[in-house]
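I have placed the structure first, in the form of structure tokens, so that the comments after it can refer back to it.
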Amino acid sequence: MCRDHTVLLDVPLGLTHRQVLSWRTSFDSPYATAYHPWIDMSSSEDQRDTLIRINPSAFAAGIIAERERRLGVQHGPANQLAVGALRVGDDVPADRHDELHLAGVNVFLPERDGIRLTGARTLSRRPSLRQLSVARLMIVLRLTLVREMQWAVFEPSNRELWAEVRRLVHALLTRLFEAGAFRGTTTEEAFFVRCDASTMTRNDLDNGRLVCLVGVAPAEPVEYVILEIALTATSNVRVEVRG
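First residue of the sequence shown: 114, per the numbering used here; consecutive thereafter.
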């Protein structure tokens, strides 16, 4: 599955509650989300009596796009209304909703003011990447770091380069901290950057490989997420989420 995007999946129509839970076990990825149930909306602006059934991921995509455009990728799309939705195709009782939520299936529920998306979880089994906002933030971080670090692949891996990498990554994370991407009142609480002899083995040094460790505390209440930035002797930049 591509790590540069998030796939929005629809729970198939006609499944029982147990079948939905069984279907969900087929996935384990921070780059995928699942939505349930399907939603009815009017086929035109003037006719509420003629309804069409729409896949829930279509509403989720609109909610995610609006939320990220307005507030940034670090803010999850949960507890948002599905504009234009009139009713859900299947009623999900409270006990089943709780079970689906724990399984990572994001449910639309009818409330007084409309139909609301109640979850913002991925299909990852890794606790640090179960929140969609955290997974999306990691995508942005990884792509940004890969782009910003391209210049360094042509430099010799020495203490001067390590210091410059620390400075560049720290400056990038500071901008994100100031935009509200991380929690904490200071940059020391929000993230750390390590790029020195402690982050590289003798084999790394002998082969011209630079390794920088970055830890961030996303705005969502999870533990630090650790990323490893590696510059290889073959002029590649690789950024991976560890753990």
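Ideal Cβ placement from N, Cα and C applies to all residues, glycine included.
Given the structure is predicted, the values throughout are model-derived calculations rather than measurements.
Spatial neighbours of residue i in its chain, beta-carbon cut-off 6 angstroms, leaving aside the 5 residues before and after
{"i": "LEU199", "result": "ASP153 and MET154"}
{"i": "ASP361", "result": "Residue 361 is absent from the model: the chain starts at 114 and stops at 356."}
{"i": "GLU301", "result": "none"}
{"i": "THR163", "result": "SER156"}
{"i": "ILE165", "result": "SER156"}
{"i": "ARG307", "result": "LEU326"}
{"i": "GLN187", "result": "SER246, LEU250, ALA294 and ALA332"}
{"i": "PRO143", "result": "THR235, SER237, LEU242 and ALA248"}
Nonlocal neighbours in the same chain, by C-beta distance under 7 angstroms from residue i, ignoring five residues either side
{"i": "ASN168", "result": "ASP123 and TRP151"}
{"i": "ALA216", "result": "LEU134 and ARG137"}
{"i": "VAL218", "result": "VAL124, VAL133, ARG137, ALA147 and HIS149"}
{"i": "LEU121", "result": "THR146, TYR148, SER170, ALA173 and ALA174"}
{"i": "ASP317", "result": "VAL324"}
Status (buried if at least 16 other CB within 10 Å, exposed otherwise) for residue i
{"i": "ALA294", "result": "buried"}
{"i": "HIS118", "result": "exposed"}
{"i": "ARG180", "result": "buried"}
{"i": "THR235", "result": "buried"}
{"i": "LEU126", "result": "exposed"}
{"i": "THR146", "result": "buried"}
{"i": "GLN132", "result": "exposed"}
{"i": "PRO331", "result": "buried"}
{"i": "LEU250", "result": "buried"}
{"i": "VAL196", "result": "exposed"}
{"i": "ALA248", "result": "buried"}
{"i": "SER139", "result": "exposed"}
{"i": "ALA284", "result": "exposed"}
{"i": "ALA303", "result": "buried"}
{"i": "ALA173", "result": "buried"}
Residues bridged to residue i [DSSP beta-bridge criterion]
{"i": "ASP153", "result": "ARG166 and ARG200"}
{"i": "ARG355", "result": "According to DSSP, ARG355 bridges with nothing at all."}
{"i": "THR119", "result": "In the DSSP output, where bridge partners are listed per residue, THR119 has none listed."}
{"i": "SER139", "result": "Per DSSP, none; premise fails for SER139."}
{"i": "ILE342", "result": "CYS325 and VAL352"}
{"i": "PRO331", "result": "PHE295"}
{"i": "GLN187", "result": "Paired residues: none, contrary to the question."}
{"i": "THR146", "result": "LEU121"}
{"i": "LEU194", "result": "ARG229"}
Cutoff 8 angstroms; reference residue i; Cβ partners in own chain excluding five residues on either side
{"i": "VAL350", "result": "LEU258, VAL259, MET262, GLN263, ALA265, VAL266, ILE342, ALA343 and LEU344"}
{"i": "GLY185", "result": "ALA292, GLY293 and ALA294"}
{"i": "ASP226", "result": "LEU194"}
Alpha-carbon to alpha-carbon, residue j and residue i
{"i": "THR287", "j": "HIS214", "result": "33 angstroms"}
{"i": "VAL338", "j": "VAL205", "result": "33 angstroms"}
{"i": "ALA310", "j": "LEU281", "result": "18 angstroms"}
{"i": "ARG239", "j": "LEU128", "result": "26 angstroms"}
{"i": "ILE176", "j": "LEU194", "result": "8 angstroms"}
{"i": "GLU268", "j": "VAL324", "result": "14 angstroms"}
{"i": "THR298", "j": "GLU291", "result": "10 angstroms"}
{"i": "VAL357", "j": "ILE252", "result": "Nothing about residue 357 can be read from this structure; the chain reaches only from 114 to 356."}
{"i": "LEU254", "j": "LEU289", "result": "9 angstroms"}
{"i": "LEU256", "j": "ARG116", "result": "10 angstroms"}
{"i": "GLU224", "j": "GLY328", "result": "39 angstroms"}
{"i": "ALA233", "j": "ALA191", "result": "5 angstroms"}
{"i": "HIS130", "j": "ARG279", "result": "49 angstroms"}
What are the start and end residues of each continuous alpha helix (DSSP H) run of 4 or more residues lying completely inside the segment 278-329, in chain order? 300-303 and 315-319
Completely contained alpha helix (DSSP H) runs for the segment 201-282, where each covers 4 or more residues: 207-216 and 245-261
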